[in-house]
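Asks: First the structure, then my questions, so here it is.
Chains as they are written, first to last, in the numbering used here: chain P, 252 to 552; chain R, 18 to 331.
This is how it looks when you write it as structure tokens:
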């Protein structure tokens with residue numbers, strides 16, 4: 252029980268990080284980006300690539316499995332992931348945004364997700380990869396609950412990022428513009444805010460968070476080209492459960508999805524775990540489509 | 018020479034089966050603007066439904082009812098219809114994105130059921146020994162394949178002409194009206210959510226029909242035949258052929274399936290063994306590029322939707 256709780260919070264916090272980026276792009280850019288989860292894969296593999304090129308793997312800090320190199324690699328990966336998001340937006344999404352059927356953009360993101368996944372497969376191969384072969388000793392927090400130091404780090408980092416993002420959205424000019432754009436794009440334009448800049452920063456923030464989520468996922472589970480594809484449904488479920496465009500909601504949604512996944516194993520065969528986010532998603536859509544906390548705009552048309 | 022013809026027959030059976038799926042998707046996307054991200058799920062339900070209903074009885078399985086093939090196919094179609102209703106009813110009153118996400122989800126869930134519900138689906142091994150309709154009547158596999166090609170072509174033709182008739186009916190015009198301007202259609206007293214649900218469910222039922230035909234031909238089902246990549250392939254067929262045009266859907270199905278099989282053949286011949294998995298990735302990248310580049314540079318596809326204006330204007 253206790254172990255399922257700890258595992259659920261851990262996966263939940265990684266889902267939350269990915270879902271924040273997704274909910275921001277869904278709320279501000281107004282389309283469901285099927286390629287968002289591939290940004291997670293991309294970020295995770297870029298960090299691996301940086302480590303492989305520099306050849307610096309060693310030097311764990313304290314009880315953690317990683318050291319300064321991985322932290323620096325994550326920062327570089329975040330930049331590279333933001334670059335990918337901006338390039339894709341420039342080449343594919345922006346030309347299609349003016350299309351009469353706005354689902355064309357959603358569909359193109361579906362195609363882009365396939366391309367990104369396959370390019371990663373082509374470069375890095377299909378087998379599982381790890382950032383470090385250091386063995387970690389689980390710490391016993393209390394009877395019946397063992398956690399890896401890395402997992403505690405993941406939780407702490409998620410918390411810090413969420414708080415920082417909260418202040419960014421509440422206090423800074425850019426953060427306010429982002430929220431305003433999600434709520435009322437016409438009013439934002441009338442007020443002379445450059446929406447292009449806001450859109451660009453939405454991509455950068457969403458992609459950077461995706462990269463961090465990818466590295467954390469790779470650190471706690473393993474790296475595979477399919478990780479994004481497997482995270483996509485949990486991300487959507489979390490974002491919609493929390494209310495599209497609602498950052499706080501995405502975090503709570505991510506935790507609920509993570510916990511539901513890990514507790515489901517107690518009741519149903521583990522093979523069905525991946526269907527749990529879909530059940531949550533359907534339940535939300537039937538009962539409360541605007542999500543638990545309501546979006547920046549509701550789910551209804 | 019006869020080897021090539023036999024292969025061509027085999028190729029056409031599969032391509033025409035897919036063309037039925039593409040026409041179903043065309044009804045959803047091309048004519049109604051609904052994004053189905055889980056095409057493979059509805060195809061798989063039809064296939065598994067048919068396999069369970071027509072398969073031979075086995076002690077370890079729930080299914081194996083040994084029913085006649087047409088009954089099995091209809092059963093599979095009904096199951097696809099029900100699956101479409103589950104996601105359709107949940108989402109069609111909401112923003113279009115939610116349908117896309119839910120269809121993606123149901124396809125993943127169906128894949129999990131296929132893999133894990135061993136007593137129904139045979140798990141990873143799948144179900145084998147599914148009877149092929151009228152197989153005993155034909156002396157040789159070659160003759161049988163020719164018969165089956167005729168069967169699939171007939172069904173595809175019926176679907177084509179049926180859809181054409183529906184699309185030229187008031188209902189078909191209503192679909193386009195809703196796709197182009199939902200508010201205007203609603204202001205004329207039409208119910209967009211209801212009409213969209215009809216188009217979505219009918220399209221998914223056609224995918225189930227194709228799944229049943231597929232099983233009848235290959236005689237077994239396994240999760241390996243229903244991988245997510247199939248959804249992308251079907252989409253590529255529709256987009257390349259020209260969404261909004263059923264002739265385009267058939268041309269796209271045959272063309273993209275030809276491209277897929279030929280590229281697979283080329284990769285297996287030309288690339289050394291150690292690069293085969295990368296070759297597979299390149300094959301999929303071709304599909305992804307087809308989708309994205311067609312959307313960007315030739316949104317009408319090869320044939321595309323015919324311009325329609327009122328017959329009073331000319």
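Backbone N, C-alpha and C define an ideal beta-carbon position, used for all residues, glycine too.
Taking Cβ positions, are residue 225 of chain R and residue 59 of chain R nearer each other than 7 Å?
Replies: Within the second chain, residue 225 of chain R is the residue found at index 208, counting from 1. Within the second chain, residue 59 of chain R is the residue found at index 42, counting from 1. Yes, the pair counts as a contact, with Cβ atoms nearer than the cut-off.
Asks: Indicate whether the contact test is met: 3 or more Cβ pairs, each with one atom in the region 105 to 119 of chain R and one in the region 529 to 540 of chain P, closer than 8 Å.
Replies: yes
Asks: Fully enclosed by the region 234 to 272 of chain R, which alpha helix (DSSP H) runs are 4 residues long or longer?
Replies: 246 to 258
Asks: What number of angstroms, rounded off, separates the C-alpha of residue 96 of chain R from the C-alpha of residue 63 of chain R?
Replies: For the purposes of this step, residue 96 of chain R is taken as residue 79 along the second chain, with counting starting at 1. For the purposes of this step, residue 63 of chain R is taken as residue 46 along the second chain, with counting starting at 1. Distance between the alpha carbons of residue 96 of chain R and residue 63 of chain R: 7 Å.
Asks: Say yes only if the C-beta of residue 518 of chain P is nearer than 6 Å to one or more non-hydrogen atoms of the ligand SAM, and no if none qualify.
Replies: Inclusion of the ligand SAM in the displayed structure is not the case, the ligand content being empty and no account of it being possible.
Asks: Determine, using beta carbons only, whether residue 432 of chain P and residue 449 of chain P come nearer to each other than 7 Å.
Replies: For the purposes of this step, residue 432 of chain P is identified with residue 181 of the first chain, where counting begins at 1. For the purposes of this step, residue 449 of chain P is identified with residue 198 of the first chain, where counting begins at 1. Closer than 7 Å, so yes.
Asks: Under 7 Å, Cβ to Cβ, is there at least one residue of chain P near residue 62 of chain R?
Replies: Translated into the one-based positions of the second chain, residue 62 of chain R becomes position 45. So no, residue 62 of chain R is outside the interface.
Asks: Just grab the DSSP bridge partners of residue 380 of chain P for me.
Replies: Looking up residue 380 of chain P in the first chain gives position 129. Answer is P:474, bridged to residue 380 of chain P.
Asks: Does the Cβ-Cβ distance between residue 55 of chain R and residue 218 of chain R come in under 7 Å?
Replies: Sequence index remark: in the second chain, residue 55 of chain R carries index 38 (1-based). Sequence index remark: in the second chain, residue 218 of chain R carries index 201 (1-based). Not closer than 7 Å, so no.
Asks: Taking Cβ-Cβ distances shorter than 7 Å, what residues in chain B pair up with residue 522 of chain P?
Replies: Here chain B cannot be found, since the structure's protein chains are P and R.
Asks: For chain R, is any of its Cβ atoms less than 7 Å away from the one on residue 535 of chain P?
Replies: In the first chain, counting from the first residue as 1, residue 535 of chain P sits at position 284. It does not; no Cβ of chain R falls within 7 Å.
Asks: What residue range does the beta strand (DSSP E) around residue 290 of chain R cover?
Replies: In the second chain, residue 290 of chain R corresponds to position 273, counting from 1. Unbroken run through residue 290 of chain R: none, as it is neither H nor E.
Asks: Just how far apart, CA to CA, sit residue 138 of chain R and residue 70 of chain R?
Replies: Sequence index remark: in the second chain, residue 138 of chain R carries index 121 (1-based). Sequence index remark: in the second chain, residue 70 of chain R carries index 53 (1-based). Residue 138 of chain R and residue 70 of chain R have their C-alpha atoms some 11 Å from each other.
Asks: For residue 550 of chain P and chain R, any beta-carbon pair shorter than 7 Å?
Replies: Reading the first chain from its first residue, position 299 is the one you call residue 550 of chain P. Because the pLDDT at residue 550 of chain P is just 37, under 50, the model does not fix this residue reliably, and the value given afterwards should be weighed accordingly. Against chain R, the CB of residue 550 of chain P has a partner CB under 7 Å away; the residue lies at that interface.
Asks: What number of angstroms, rounded off, separates the C-alpha of residue 309 of chain R from the C-alpha of residue 490 of chain P?
Replies: Mapped onto the second chain, residue 309 of chain R falls at position 292. Mapped onto the first chain, residue 490 of chain P falls at position 239. Rounded to whole angstroms, residue 309 of chain R to residue 490 of chain P spans 26 Å at the Cα level.
Asks: Closer than 7 Å, CB to CB, is residue 378 of chain P near chain R or not?
Replies: The sequence position of residue 378 of chain P within the first chain is 127, counting from 1. No, its Cβ sits nowhere closer than 7 Å to a Cβ of chain R.
Asks: Would you mind working out which of P:528, P:390, P:350 and P:456 sits nearest residue 417 of chain P, comparing C-alpha positions?
Replies: Sequence index remark: in the first chain, residue 417 of chain P carries index 166 (1-based). Ranking the options by Cα distance to residue 417 of chain P, first place goes to P:456.
Asks: Got a sec? Which residues, its chain only, sit under 8 Å from residue 35 of chain R by beta carbon, not counting five neighbours each side?
Replies: Within the second chain, the letter at position 18 stands for residue 35 of chain R. Once the five neighbours on either side are set aside, the close Cβ partners of residue 35 of chain R are 227, 250, 251, 254, 270 and 274.
Asks: Run the CB neighbour count on residue 148 of chain R, radius 10 Å, all protein chains shown included, and call it buried at 16 or more, exposed below.
Replies: As a first step, residue 148 of chain R is located in the second chain; it is residue number 131 there, counting from the start. That one is buried.
Asks: Does residue 329 of chain R pass the burial test, meaning 16 or more other C-beta atoms within 10 Å, or should it be called exposed?
Replies: Counting from 1 along the second chain, the entry for residue 329 of chain R is found at position 312. Exposed.
Asks: For the 8 Å Cβ check, are there 3 or more pairs between the region 461 to 481 of chain P and the region 284 to 292 of chain P?
Replies: yes
Asks: Can you tell me which residues form a DSSP beta bridge with residue 390 of chain P?
Replies: As a first step, residue 390 of chain P must be located in the first chain, where it is residue number 139. According to DSSP, which records beta bridges pairwise, residue 390 of chain P is partnered with P:398.
Asks: Among the residues of its own chain, which have a CB less than 7 Å from the CB of residue 143 of chain R, if the five just before and after it don't count?
Replies: By one-based count along the second chain, residue 143 of chain R stands at place 126. Closer than 7 Å at the Cβ level, and outside the excluded window around residue 143 of chain R, lie 237, 238, 239 and 240.
Asks: Distance cutoff 7 Å, beta carbons only. Does residue 540 of chain P sit that close to anything in chain R?
Replies: The residue labelled residue 540 of chain P in the question sits at position 289 within the first chain. Output row for residue 540 of chain P: interface = yes.
Asks: Would you grab the beta carbon distance between residue 260 of chain R and residue 318 of chain R for me? Rounded to a whole angstrom, and I think it's under 8 Å.
Replies: Position 243 of the second chain, counted from the first residue, corresponds to residue 260 of chain R. Position 301 of the second chain, counted from the first residue, corresponds to residue 318 of chain R. Right, the Cβ-Cβ distance comes to about 6 Å (below 8 Å), so this counts as a contact.
Asks: Let's see if you can read the secondary structure: which residues bound the alpha helix (DSSP H) around residue 187 of chain R?
Replies: Taking the first residue of the second chain as position 1, residue 187 of chain R is located at position 170. Note, residue 187 of chain R: alpha helix (DSSP H), 187 to 197.
Asks: Is it buried or exposed, residue 254 of chain P, if we count other Cβ atoms within 10 angstroms and call 16 or more buried?
Replies: Within the first chain, numbered from 1, the residue matching residue 254 of chain P stands at position 3. Its Cβ having fewer than 16 others within 10 Å, residue 254 of chain P is exposed.
Asks: Using a 10 Å radius around the Cβ and a threshold of 16 neighbouring Cβ atoms, would you call residue 291 of chain R buried or exposed?
Replies: Along the second chain, one-based indexing puts residue 291 of chain R at 274. Residue 291 of chain R should be labelled exposed.
Asks: How is residue 78 of chain R classed by DSSP in three states: helix, strand or coil?
Replies: Taking the second chain and counting its residues from 1, one reaches residue 78 of chain R at position 61. Three-state result, residue 78 of chain R: coil.
Asks: List the residues of chain R that residue 363 of chain P touches, going by C-beta distances under 7 Å, in chain order.
Replies: Here residue 363 of chain P is taken as the residue at index 112 of the first chain, counted from 1. Near residue 363 of chain P (Cβ distances below 7 Å), the residues of chain R are 309.
Asks: Residue 416 of chain P by DSSP, collapsed to three states: which one?
Replies: Residue 416 of chain P sits at position 165 when you count from the first residue of the first chain. In this structure, residue 416 of chain P counts as helix in the three-state DSSP scheme.
Asks: For residue 144 of chain R, which residues does DSSP report across the bridge?
Replies: As a working mapping, residue 144 of chain R is identified with position 127 in the second chain. For residue 144 of chain R, which the question treats as bridged, DSSP gives the partners R:238.
Asks: Distance check for residue 115 of chain R and residue 495 of chain P, CA to CA, integer angstroms please.
Replies: For the purposes of this step, residue 495 of chain P is identified with residue 244 of the first chain, where counting begins at 1. For the purposes of this step, residue 115 of chain R is identified with residue 98 of the second chain, where counting begins at 1. In a straight line, the C-alpha of residue 495 of chain P is about 11 Å away from that of residue 115 of chain R.
Asks: Pull out every residue of the region 278 to 298 of chain P whose Cβ sits closer than 8 Å to any Cβ of chain R, in chain order.
Replies: 282, 283 and 285
Asks: Relative to chain R, which residues along the region 336 to 351 of chain P have a C-beta separation below 7 Å, given in chain order?
Replies: Here the close residues are 343, 346 and 347.
Asks: Using a Cβ-Cβ cut-off of 6 Å (strictly less than) and excluding sequence neighbours within five positions of residue 284 of chain P, which residues of its own chain qualify?
Replies: Mapped onto the first chain, residue 284 of chain P falls at position 33. Here the set comprises 276 and 360.
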